[in-house]
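Colleague: Below is one structure. I have some questions about it.
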Amino acid sequence: MLPRLKNLALDTTTLSSFSRRLINCPRLKVRYQPDVKEAAVLMPLCTIDGKPSVLFTVRNMNMRSHQGEISQVDPEDPSLEYTALREMSEEVGIDPSSIDILGCYSTLPNKTGSLRVHPYVGYIKDPHIDMSKYNPDEVSSVFTLPLEYLIRPDIREIKQFRDSVLRKIIPEHYK
């Protein structure tokens, strides 16, 4: 797998393959609080310096609620996909029309189980992303990491997600 990734490009064929896999991804069974609210987030893929990458944001820790987490659906949002795109635009200044949604992964809980988070995967078509345009009221930083870095076994560890059976992979970058 690692040698293939070095030649990976986020081209039409690869992005179509990602879309097909998201349609058939396993749906996790997770318990939520009875009054769970819906939320959406975008995992934006992009190409930086010719390398397939993921764009990350770190939420501002001074926000009233869900510091360091994701945002809830506004009542005016017509869909969860719209919410994910709106938030990307509000937080990072990336126009929704420059993002192709590839699909949605299985829902996951936030830290407390009070939100059912719908994680959308999208591709930012613009090769020149201005990461200095973020909204400092909502985001404290924006950065990218290449996919080839994120899949390296030596830079990650698996930790249990609270008292859940879910486990998450934590790249060394976050330790």
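Counting in my numbering, the sequence shown tops out at residue 1261, every number present.
All residues carry an ideal CB built from backbone N, CA and C; glycine is no exception.
Predicted, not measured: the structure shown is a model, and the values here were computed from it.
Grouping DSSP H, G and I as helix and E and B as strand, with all else coil, what is M1174?
Modeller: In this structure, M1174 counts as helix in the three-state DSSP scheme.
Colleague: How is the alpha helix (DSSP H) around S1183 delimited, first residue to last?
Modeller: Here S1183 belongs to no alpha helix (DSSP H), and DSSP marks it neither H nor E.
Colleague: Using three-state DSSP, classify E1224 as helix, strand or coil.
Modeller: Reduced to three states, the DSSP call for E1224 is coil.
Colleague: Comparing C-alpha positions only, which one of L1108, N1148, V1140 and S1103 sits nearest to Y1235?
Modeller: Out of L1108, N1148, V1140 and S1103, V1140 has the C-alpha closest to the C-alpha of Y1235.
Colleague: According to DSSP, is T1098 helix, strand or coil?
Modeller: Three-state DSSP puts T1098 in a helix.
Colleague: Please check the pair V1159 and V1225, which I expect to be a contact at CB under 8 Å, by giving their CB distance rounded to whole angstroms.
Modeller: That pair is no contact at about 19 Å.
Colleague: Take the Cβ of L1171 as the centre, count every other Cβ of all protein chains shown within 10 Å, and call the residue buried at 16 or more, exposed below.
Modeller: Buried, because 16 or more other Cβ atoms sit within 10 Å of the Cβ of L1171.
Colleague: Straight-line CA distance for L1263 to I1241?
Modeller: For residue 1263 there is no data in the structure shown, the boundaries of the chain being 1087 and 1261.
Colleague: Alpha carbon to alpha carbon, how far is P1167 from D1216?
Modeller: Checking the sequence shown, residue 1167 turns out to be Glu, not Pro. Taking the straight line joining both Cα atoms gives about 23 Å.
Colleague: Below 8 Å between beta carbons: does that hold for R1106 and S1192?
Modeller: Not closer than 8 Å, so no.
Colleague: If you drop the 5 nearest sequence neighbours on each side, which residues of the same chain put their C-beta closer than 7 Å to that of P1213?
Modeller: Around P1213: T1133.
Colleague: Hey, P1130 and I1185: beta-carbon distance below 8 Å or not?
Modeller: Yes, the pair counts as a contact, with Cβ atoms nearer than the cut-off.
Colleague: Take L1108 and list the residues in its own chain whose beta-carbon comes closer than 7 Å to its own, dropping the five residues that flank it on each side.
Modeller: The residues are L1188, G1189, C1190, Y1191 and V1207.
Colleague: Grab me the residues of K1115's own chain with a C-beta within less than 8 Å of its C-beta, minus the 5 sequence neighbours each way, in chain order.
Modeller: Cβ within range, chain order: n/a, list empty.
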